[in-house]
Every structure is written in C-alpha cells, then in structure tokens.
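Note that full-length UniProt numbering gives residue 367 to position 367 of the sequence shown, counting from 1, and the numbers run on in steps of one. In this text, a Cβ means the ideal position worked out from N, Cα and C, and glycines have one as well. The next block holds one structure in the form of structure tokens; read it before the comments.
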Amino acid sequence: MAGVGSRSELLNLLGDVKARVQDKIGIVDFPMPQFILIGKQSVGKSRLIEALAGETFNFISGTLGSRRPTILEFRNVAGSKASKWFVRDRATGHWNEHEISRVMQLVGDAHEELGETVSSDPICVRVQSPACVDMQIVDLPGFRDFALDTSKQELCNRIEELVMQFMRDPRNVMLCVEQCGDAATMSTLGKCRSIDPKFQRTILVRTKLDKYYTDLTKENVNQWVDGFGDLPENLVRFALTLPWWQDGEACPAESFVKLREEFNQKDMKEMRDRMLKPQYLETIGFQSFANFMEKKIEHMFADAINPVLDKLKELKAKWTSKEQSLVTEHEETDPHRILSTTRECGTSFAQALRHVMEGIPNLMTGRMKLDSELRSFHDHHLKVGSDHFVMLPSEDFRDLDDYIEYLTNEIQVGASDAEVNGGAQFRRVMSEVEIFLRFSEIAVETKKRDVIQARGVSMSSLTWRDVVVKLLSNEAHLPLQRRVQYVGERIKWFFQIQKEAVIDFMSSLEGNPSSTMYSSLLWKNVKLIKQNEMIKHLVFSTYDQACQRQLNQFIELFDNMLTSTFANPWVFLKGATYGGYTEEEDADAALPSIDDTKERIPKEIQSRSGIESTLSKWLLEIPTESHQIDEAVDKVQMLVLKTYSFIRSQVCDQVELFAESFFKLPMLRRLEEDMNKISLSDADKTNYKARRERLEGEVTKVRENLKEVSECIEKLQGFKLKCNAQRAH
C-alpha cells in the first residue's frame, strides 16, 4: 500500500498508534506485527542492532546483560546531519530526546534495576538518522547455555521463558541470529522450528561470514549457502559480515557507516568470485538484508492497517458504549433519584432471577457438575466454620469423595456429569438432598429401660400407641432435623451462587434478538449494578438477606412439621385418598352426580388407612401381660423403627414439595417486594458520594480514551486514502 517515500510516515504512524493505544488506554492485545531479535549471547545481536542504527552504542553496562525487551524504532531521515535519540518515558508515554550517552544510561538502568529477575515490560528507544534502516525491532535477552550456580541457572530459565513467550506470539516475526557454521548445530534455529515448524515467520541471519571465506570454493559455496540440505527451501536466510575491529581499539562513530559498507562490498565480492548463483547473492551482505527488511516491514505494516482500523473501531464502539453507560449512571444516580434507581435495579434483578430459574439455554455462567457443586458447598462451609448440621449423610462415608462416588456411580443422580445452572441445577439439588435425607436413622437404640419408663410403673398406665409416640418424640426426630438443616443450607447456597448467572443473563440481552422477549430495563439496569458498587452491594445484600430469611422460615416450618409428625405420627401416616376407579369406569366417565359423590367419599377415606392399619395391627400384637415384658419390648423396638422409617419415607417423598412451598416460591414471589424496601444507610450515602466523585473522573477518562481512539482512526483513514490516491496516479 505505502510507497517507498511514505515508509517512514507509515512506520511512525502505526508505531505512534500502537503506543497511544497501549500506553494511554492500556490495551495490550493489538494486531500489530513486529520483528523480534533472538539468539544466544555473543552471536552478533548487538552489532546487528548497531548496523541497523548506523552507529555504535552499548545499552548494557556491567555483567548483568539485558533483562527486559528493548523496542528499537529506526527512522531514516535523509536530510539530517546527525542522529537524534529518543526514549519513551514509561510513566507518561511521551518521547523525550536525549544525548546518546544519556540514552545508554537510561536503558542500562532499566535493565539493571531488575537485578536477577526479568520483565516483559519493554523500554522503547527511537533513533532518527540518515544512516538508519527504516524498521522497528524488539531486542530480547540472549539465550545462555551455561550458568555457574543454581541462582544464575534459574535466571537463565526465566530469560528463556520470557523469550519463548514472545516467540509463541503469532504476530511476531523472528529474526534468528546465528554464527555462520553447520546448520545442524544452530540451537536458536531449533527453538524456532519447534514453534514455527514451517518457518513461515522465521528469518535466519548468519553473522561472521568473513570467517568462512577460506573454506568456501566454487565447488561448495552454493551448497554452503543452502545449508548443505539442512535448511528448508522456504526458510528466508541471510549471511553477512558486520563491522568489527581489533580488541582494544575504538571505532569512531563517523567511520562506522563506511566500515559497514566496506564489509558489505567485501562479502559480495568474495561470493561473486566464488561464482555464487544470482538467487543466492540476494541473501549475501548487510545491504541485501537491510533492503529486504525495509520492504518486509513496509508490507507487514501496510497489511496491518485494515486489522488495526478494525480493532480501533471496535475500541471506539466499546468506549462509546462505556461513555453512554457512565453518563446514564451519572444521570440516574443524582441525589433525588438514587434511592428509586437502586430499587429499580433490585426489581430488575428479581425479575431476571425468575427467568434464570425457568432456564436459559445459552447461559453458561455458573454452570457446575455435581461433584464441583458439592465441593464448592463444602469448601464454603468449612471456611465459615459451620457446625450446626452434618456435612455427610452417614458416618459410613469416608469423606466427600466417597459420597460423590456413591451419588454418581451407584445412585446415578440425573445430570450429575452435566454442567447446569438455574432451574436444572435446582432439580438436581432436590434429587441430592432427598438421597441425603433418606440416610437418617434413629441415632440411639431403644432399650428395655426406655420402654418400661415410657410405659410407666403400671403395665396399664399408657397404651402401647402412646409409648411408641413418647419414644419417637424423645430423640428419634433429631437425625432428621440435622439433615433438614443440610437441605436448607444447600438450597440457600444454591440461590446465593446464582447471582453472577443472573447478572450475566441481564447483560446478554443488550443487542440480542431474544431481548424483545424480556423487559428492556433488565439490560439497562444491569449496567448500573455492575458499575455502581453501592447499588450492587445493596441489591446483593438484600438478596442474601432474603435467602437467609427463607432459610429460617424453611427450617422453622420443617421443624414444626416434624414436631407435629412425631407427636401424632398416625395422622401423618394416613395414605393418600384414591377413588379406586377401574379402566372401564374411566372410559365411561361422565360428570358425577350427587349420589356418585356420596358413594365416593367413604371409599376414599377407607383407602387411605393402609400404613395406619398396618401399624395398628402391630400394636394389637404387643402383649400386655407383665411376664411377657421382654417380648413386648422387642415388638415396641421394632414398631418404633418401622414407624420412624415410614415417617422418613413420607418426609423424603415430600422434600421437593416442601422446598418449593417453603423456600423457592416465597423467595421468587417476595424478592421484588424486598427490593422495593431498600433504604440507604449513612454508610451507603457516604459510598454514594464517593462514587459520584469517582464517576466524574471516569467519564473524563473515557472521553479522553475515546478521543485518542478517534484521532488514531482519523489518521489511519487519512493515510490510507493518501496511499490509495498515490497508487491511482
């Protein structure tokens, strides 16, 4: 897209856009390609950077070496007489010009301040010079093959992981620097192969070519450049000699560019003299590498314009929506409306809860398998130190895992291996708590002394029916009571963990075609709940209070029912009435007459006395003679156990009905009323005022971000139009 004349403009433009988005707005994931320079220490990475910059420098002082990425932007300014160096301030994001000595100090300090740690937070340097190559690279710490001690080896490992993190990013093109030599021994290239098997984003740069002049002949030079078959044909590769001088000597800055050109010309001459093929000559020397890199980065950045524009437009839409939400919050939470707004948000939350309990197919938030659900429930109560109910249905289970194994493999609770939430999860909870309740047994064995004491001194003091009731009401109901506490806590916890699912359901309605099925206030008010901590706190705390209230009522009603049941089990154990109709009668069914009704009623009453009749029959079989006391005690003990088992079965059969009647339905029906009673405490008013102050700052910040993004979009679109116009001419 961009011509050669606009290369610097393109690089500057996209570089500045990336910097503004990343530094000022804080967006890290941005679709911008970049070259990363990788290689072992002492393979010529630093000298390659100097050659690209067109002058010598050394960022790292001391022996620590680099510890963070250094982003280097080289800009070729043909008319300038001297180079200019800039460092981006990591606090403000502004480019500040410095003398080269100061730049080296700043960059060196940024590396050395990390000590024996590493960081992915880069330091950015820009060089403007007539000798620069127009490009941008990220210089990464060098790989180390050897360390003297354990701490140094750990540092080497951290450096390698940092570099590999950059290598794994598919947006990065890897400049793999290796010394000229046997391709099979190039360890850094091997790392590139493991990440980029087809070498689609790997460029091999072989340095110190002059050391191989004497080994190369007309017969082997082409095979050597080609890696003697060890390098794949599609791998882009270069071989070159970088400027060097004798140890102890200094290269004057003004002669470095001249030296760079001399070594480039020598590389080309040596290879021409050895009759290197023309297609291979294009891969020899620094100038060939520089020309390729300028064109490559130009094409990469030109190709990136559309993805960058798309990302910026996405950010603009996001920040525009954010601005609208904050402005709405500011308007809806003025001192005269804050209370009514909070209540409206709570009412919307209560309405959304009903929808979630009915089931939302695409709502993924909060979905759990049965094992995860039980572990989370147990972890919660272990953290809060709950000890008022039993956590396992029986002492025969070794631990929670044993209980989960029983539920999933033996009983095979429905949907135990499915991740569900809302209404489906509530049904599964009901199945699990029913099984839990059925494990309740009489905790204390009924002994002969207990039976005699309950009977009284005289054998005729109480009827055996009264004895059974007295024994049952003593301690028999305690196991059921403690397990009913578990049932209540499970239901309460179930409702409490639905909060995030409800919030996400409300959020998902915005811009969703299915939103027309629900009130538009759901997705509008959820923004206020998510943005305003005071509103969120009041809505959630009111919801939690409603859960606790329903738990208390559930336990109280259940306890009262159990007390009444054990006080008079015979009434509770009457069976359900059934008219006893036959299929023939059902087929000829018509509206009943008064005579039919009169005939039906006594039949139904008689049909429901099955268990009661059985127990009454067993009561009559208990002997009343004093010399038969042992037999009487045995029969009473058996009758107590049987009666308890009948009561337990009846309670377990009805646990879902009790949960629906005493917990779920009152919870759903009364929650809106609870939300409409929300009031603001002094602490809430203080938090509200603090939020109002922060809100103004957030609106300002969002508008600044929106301005940055809008300006970036305008610049990129303008540059794109300019390039298209140039191409048209």
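Counted as a single uninterrupted DSSP element, the alpha helix (DSSP H) harbouring N222 occupies residues 221 to 225. Assignment of A82 by DSSP, reduced to helix, strand and coil, places it in the coil class. Inside the segment 112 to 194, DSSP marks whole alpha helix (DSSP H) runs of 4 or more residues at positions 150 to 168, from first to last along the chain. Annotation for E405: the continuous alpha helix (DSSP H) segment containing it runs 400 to 405. Apart from sequence neighbours up to five positions away, the residues of its chain that approach G79 with a beta-carbon distance below 8 Å are P130, ordered along the chain. Across the set F397, R375, N409, L370, the C-alpha of L370 shows the shortest separation from the C-alpha of Q425.
By alpha-carbon distance to K524, the top candidate from E261, S321, L155 is S321. Taking every protein chain shown into account, the CB of K152 has fewer than 16 other CB atoms within 10 angstroms, so this residue is exposed.
Judged by beta-carbon spacing, S325 lies beyond the 9 Å limit of K536, meaning their Cβ atoms are not closer than that value. Only exposed fits D303, as fewer than 16 other CB atoms lie within 10 angstroms of its CB. Considering only R237, L14, V257, M167, the residue with the shortest C-alpha distance to M293 is R237.
Nearest to L189 by C-alpha distance, out of N568, C176, N532, is C176. T202 places its beta carbon 9 Å or farther from that of M164. Counting along the chain, I49 sits inside the alpha helix (DSSP H) bounded by residues 45 to 53.
Fully contained in the segment 632 to 695 are the following alpha helix (DSSP H) runs of length 4 or more, in chain order: 655 to 659, 665 to 675.
L37 sits in a strand when the DSSP states are folded into three classes. At a Cβ-Cβ threshold of 9 Å, S120 and L162 count as neighbours. Taking 9 Å as the cut-off, the Cβ atoms of C180 and K208 count as close. A check of alpha carbon separations from Q200 across N220, D215, M167 identifies M167 as the nearest. When DSSP states are grouped into helix, strand and coil, F74 belongs to the strand group.
For H98, the enclosing beta strand (DSSP E) stretches over residues 95 to 98. Assignment of beta-bridge partners to V236 by DSSP yields I203.
Assigned with DSSP and collapsed to three states, R67 falls in coil, not helix or strand. Rounded to the nearest angstrom, the Cβ distance from F554 to F662 is 4 Å, consistent with a contact under 8 Å. A residue is called buried when at least 16 other Cβ atoms come within 10 angstroms of its Cβ; I411 does not meet this threshold and is exposed. Here R75 is buried, its C-beta having at least 16 other C-beta atoms within 10 Å. Residue K664 holds the alpha-carbon nearest to the alpha-carbon of M430 among T214, K383, K664, L48. Runs of beta strand (DSSP E) with 3 or more residues, each lying fully within the segment 339 to 420, are absent.
Beta-bridge analysis with DSSP links I713 to no other residue. Three or more pairs of CB atoms, one per stretch, sit closer than 8 Å, so the segment 547 to 567 contacts the segment 651 to 662.
The segment 708 to 725 and the segment 341 to 356 do not touch, with fewer than three beta-carbon pairs separated by less than 8 Å.
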